[in-house]
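One structure is given here, and the rest of the page talks about it.
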Amino acid sequence: MRPTVAIAELEKLRTESEDLLAIRAEALFTSWKARVEAVLTRSLGPTHTIIERFRDISYHLGVYFGGQDPDPDRESYIAGVQQAVGFIDAAIYELKLLVADDSEPVDVRAYDPDLWEHVKGLVEDEQWGQIASQTAIFVEDRVRAWAGHPKSKDDGELVGKGLYARVFADDSEYRLGRTRGEWEGWRGLAMGFAQALSNVDRHRIQRRDDARRYAIGVLGLGSLLLTQLRYEHDDHLHKDE
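With full-length UniProt numbering, letter number 181 in the sequence shown gets 181, and the count goes up by one each step, no holes.
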C-alpha cells in the first residue's frame, strides 16, 4: 500500500475512534480494529514493531446499558482505544517520513522510453519489488528480439547469460564499444545483469528496506543496455519483431 494512501486511511480511522469512545458497540469496535490492523500491516509490514504492539493492546468492552455506564471495565476500554490511537499516530508519522524520503520525482527522460512505458504503472503505484523483475524480463526480451532471436547450438531459445554472451560477443554485429576492452566490458555488464539481478528478481519479489533505490538502480542499468544498443546499432535492430 502506498504511504500516502495509508496515511489517508489511518487518519479516517483515527477520526472514527471518537465514536468508539462515545458508543461502545462490539461490532463497530471489531470492524475498526480489523481495519486499522489491515492498513498497518499492508503499509508497514506484518512484523513491524507498531503492528506487534498494536496487537498486544488489551480492550475490555464490558456491557453498556445506556445512560450512565456502570461497567467497571470502561476505563480499561477507553485506555485501550487511546493507546491504539497513539500507535496510529506513530504509524502516520513514520509513513510521512517515508513519503518525504521518496518525494524526489523520477525523471522519465533518464530511461529507455519503451522500458519506461512497460514499468511506469508499477512506478506510479510504488510496486518497487516488481519493478526489478519486470525490468529484467523486458530487457532480455527486447535484446533477444532486436538481435533477431539468436538460437543455441541445439536450436533452442537463448536466455539470460547465454543470450547476452551471444548478442554481445566479439564477432557479433551487435557488440557494444569500439575496442576489444570495451566489447568485453559491455558483454560483462550484460551478463552480470542476468546473473546478479535477473536470475534473482524474475523468480521472487525482493522485500527490502531500500526497495525504491534498488528498483531504480535496476531500471537504470537495464535502460543503459537498451540505450547503448539503440545508439550504436539503431539502423539494423529488428524493431518490427
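Cβ coordinates follow ideal geometry from the N, Cα and C atoms, glycine included.
On a CA-only basis, which of A169, I131, A90 is nearest I51? Give me that one, please. Residue A90 is the option with its Cα nearest to I51.
Residues in the same chain with beta-carbon distance under 8 Å from E157, minus the five sequence neighbours each way, listed in chain order, please. Result list for E157: R144, H149, K151, in chain order.
According to DSSP, which residues form a beta bridge with K151? E157.
Would you call the region 28 to 46 in contact with the region 9 to 17, where contact means no fewer than 3 C-beta pairs closer than 8 Å? At 8 Å Cβ cutoff, the stretches touch.
Can you name, in chain order, every residue of its own chain whose Cβ lies under 6 Å from the Cβ of E126, other than the five neighbours on each side? Counting only residues of its own chain and dropping the five nearest sequence neighbours on each side, E126 has a CB closer than 6 Å to the CB of R2.
Determine the extent of the alpha helix (DSSP H) in which Y231 is found, giving its start and end residues. Annotation: the continuous alpha helix (DSSP H) that includes Y231 extends over 211 to 233.
Let me confirm a value: R24 is counted as buried when at least 16 other C-beta atoms fall within 10 Å, else exposed. Which label applies? Looking at its Cβ environment, which holds 16 or more other Cβ atoms inside 10 Å, R24 is buried.
For D112 versus L226, is the C-beta distance shorter than 8 Å? The answer is yes: Cβ separation under 8 Å.
Measure the C-alpha to C-alpha separation of D170 and R230 and round it to an integer number of angstroms. The alpha-carbon atoms of D170 and R230 are separated by roughly 18 Å.
Using 10 angstroms around the beta-carbon of Q134, count the other beta-carbons present and answer buried if the total reaches 16, otherwise exposed. Counting Cβ neighbours within 10 Å, Q134 comes out buried, since at least 16 surround it.
Count the other CB atoms within 10 Å of the CB of Y93; is the residue buried (16 or more) or exposed (fewer)? Per the 10 Å Cβ criterion, exposed.
Three-state secondary structure (DSSP) of Y93: In this structure, Y93 counts as helix in the three-state DSSP scheme.
Helix, strand or coil at Q127 [DSSP, three-state]: For Q127, the three-state secondary structure derived from DSSP is coil.
Specify the secondary structure class of S172 as computed by DSSP and reduced to three states. DSSP places S172 in coil when its eight states are reduced to three.
Taking I7 as part of the alpha helix (DSSP H), name the residues at either end of that continuous run. Segment 3 to 22, the alpha helix (DSSP H) holding I7.
Where does G80 land, buried or exposed, given buried means 16+ other C-beta within 10 angstroms? Classification for G80: buried.
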